[in-house]
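Down below is the structure, laid out as structure tokens.
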Amino acid sequence: MALTIDETHDPVRTSWVGSANGHPDFPIQNLPLGIFSPAGGDPRPGVAIGDQILDLRAIAHLLPAILNGSLASPALNALLQHPAADRNALRQSLSCLLSERRYEAGLRAHLHDAGRCRLHLPARIGDYTDFYVGIHHATNIGMLLRPDTPLLPNYKWIPIGYHGRASSIRLSGDAVTRPTGQRRDPERPQPVFGPSTRLDFELELGVWVGEGNMPGQPIAIGEAGRHVAGLCLLNDWSARDFQAWEYQPLGPFLSKNFHTTISPWIVTAEALAPFRVAQAERPAGDPAPLPYLWDEADQASGAFAIDLEVTISTRLMRERDLAPQRLSLSDAGAMYWTAAQMIAHHTVNGCNLESGDLLGTGTLSTSSPLGLGSLMEITRAGQAPVELPGGEVRSFLADGDEIGFTGRARREGFVPIGFGPCRARIAGGADWTPGALSGASRADLLQKSS
Ligand code: MN
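Going by the numbering used here, the sequence shown opens with residue 575, and the numbers climb by one from there.
Listed below in structure tokens is the structure:
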């Protein structure tokens, strides 16, 4: 696990790129990696610094030679395959180049205004797995379905997950087309086909896999942290009406695989070193994890101090120049399993992870009603709609609604770092209006548990 705190994290360090100093997301202490195209150029690796992007392909000759081959690629998979030590060497170089004035003249030509660049998915994502480690979310959803036993017996033994769909992962900013499919309305004996009437978001972190493993060779828990290349924000858009009808017995399918939004930058494990914290202690009475999921070092520093926020902006709010409204203030502290435990479990049966695979944490809600990571929880399955400025209400998402996430790693004595935007707007579905929600009822949800 990359836990070394060094001069690259020094809060006193500043950059000659003026906009980096005091930047909420991309000060010199962050240096997140991504793929971008400058105006008129082709996709290439870059690092975000303030409101600029530095072209890594163009300056590859100034960076550790071992990385040269991977910096020519229009995807970061090859770079992610490198051991953490190589990524750390890249970080050391970049921190030096972007802080010391003597490099400014040589590098200026390779800096691009981020606002004029096009961002791309940072890697070719071969596989995407979504976990369910947010224990408050799992409990809240379980309470709606099974008030007596909100958590199923496996929850505290296994990091629960399902295999998602990598092909429909999109970058922040790409519109979400309202999905069409089957739902079962409580008053009808047969399913109805049409646009989803219960479109929701899920506030999650994404874990980028660095080094992979060979088939049949599990990643041991003590090694698993080293396979985390970095994190992003992730919105696991969910059609709750489809989910309720389809999810038994094999889990979510079309309710989740139509679109997943991620933030564009890989905030590296090295950048996050100061923001590692101890995993929350398990409540008394919870089972101890099986040995293959237990590592003292992981327990001591396997969690992240990251604040998360969700906002909504509707078409009407934008027309009236109303600022986005906050829906939730959450954090990454409610993960019942660490990223390392997710990786150790994923591979324990011999399954191979590959560089550039993406793991979702599952929805991250806090124990507070102000920290809920989905509308399903905020509106209690539509029973308590939220009121918005301008007089609108929402149980679930309407066309034109835009959901935005922000994430910021914070710790006393360190410069906070962020992820950049993770937002998208609901498009299409012209034959659908929020009025269609009026028939939604608790019974609709409860049939899930039958
Ligand atoms: Mn999810």
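Cβ coordinates follow ideal geometry from the N, Cα and C atoms, glycine included. Note that the structure is a prediction, hence the values are computed from the model and not measured.
To the nearest angstrom, how far is it from the Cα of residue 593 to the Cα of residue 955?
43 Å
How about residue 776: is its Cβ closer than 6 Å to a heavy atom in the ligand MN?
yes
Segments assigned beta strand (DSSP E), at least 3 residues, entirely inside the stretch 778–863:
802–809, 834–836
Using a Cβ-Cβ cutoff of less than 7 Å, which residues in the same chain neighbour residue 910 once the five nearest sequence positions on both sides are dropped?
707, 709
Per DSSP, what are the beta-bridge partners of residue 909 in this structure?
708
Grouping DSSP H, G and I as helix and E and B as strand, with all else coil, what is residue 729?
coil
Residue range of the unbroken alpha helix (DSSP H) whose run includes residue 655
651–655
Would you say the stretch 779–792 touches the stretch 923–932, given that touching needs at least three Cβ pairs under 8 Å?
yes
Sorted by chain position, which residues of the same chain lie with C-beta nearer than 6 Å to residue 873's C-beta, five sequence neighbours on each side aside?
853
Can you round the beta-carbon distance between residue 885 and residue 900 to whole angstroms, since I take them to be within the 8 Å contact cut?
5 Å
Measuring only the C-alpha atoms, how far is residue 876 from residue 935?
13 Å
Leaving aside the five residues before and after residue 1024 along the sequence, list all residues of the same chain whose C-beta is less than 7 Å from its C-beta, in chain order.
Model confidence at residue 1024 stands at a pLDDT of 32, short of 50, so the residue's coordinates are unreliable; what they give is reported in the following sentence. Excluding sequence neighbours, residue 1024 sits near nothing in its chain.
For residue 844, count the other beta carbons within 10 Å of its own beta carbon; 16 or more makes it buried, fewer makes it exposed. Which is it?
buried
Could you work out which residue in 771, 764, 808 is closest to residue 752 when comparing CA atoms only?
771
Just mark residue 1006 as buried or exposed, buried being the case when its beta carbon has 16 or more other beta carbons within 10 Å.
A caution first: residue 1006 carries a pLDDT of 42, below 50, which makes its placement in the model unreliable, though a value can still be read off. Per the 10 Å Cβ criterion, buried.
What first and last residue would you give for the alpha helix (DSSP H) that runs through residue 881?
No alpha helix (DSSP H) contains residue 881, which is instead part of the beta strand (DSSP E) from 880–887.
Determine the contact status of residue 608 and residue 839, defining contact as a CB-CB distance below 7 Å.
yes
Does the distance between the C-beta of residue 704 and the nearest non-hydrogen atom of the ligand MN fall short of 6 Å?
yes
Could you check the C-alpha separation between residue 626 and residue 688 for me, to the nearest Å?
5 Å
Decide if residue 722 is buried, meaning its Cβ has at least 16 other Cβ atoms within 10 Å, or exposed.
exposed
Taking the beta carbon of residue 805 as the centre, do at least 16 other beta carbons fall within 10 Å, making it buried, or is it exposed?
buried
Three-state secondary structure (DSSP) of residue 768
strand
Name the two residues that bound the continuous alpha helix (DSSP H) containing residue 976.
Looking at the DSSP string, residue 976 is not in any alpha helix (DSSP H); the run it does join, the beta strand (DSSP E), is 976–983.
Residue 713 and residue 696: beta carbons closer than 7 Å?
no
Cβ contact (3+ pairs, closer than 8 Å) linking the stretch 584–593 and the stretch 795–812
no
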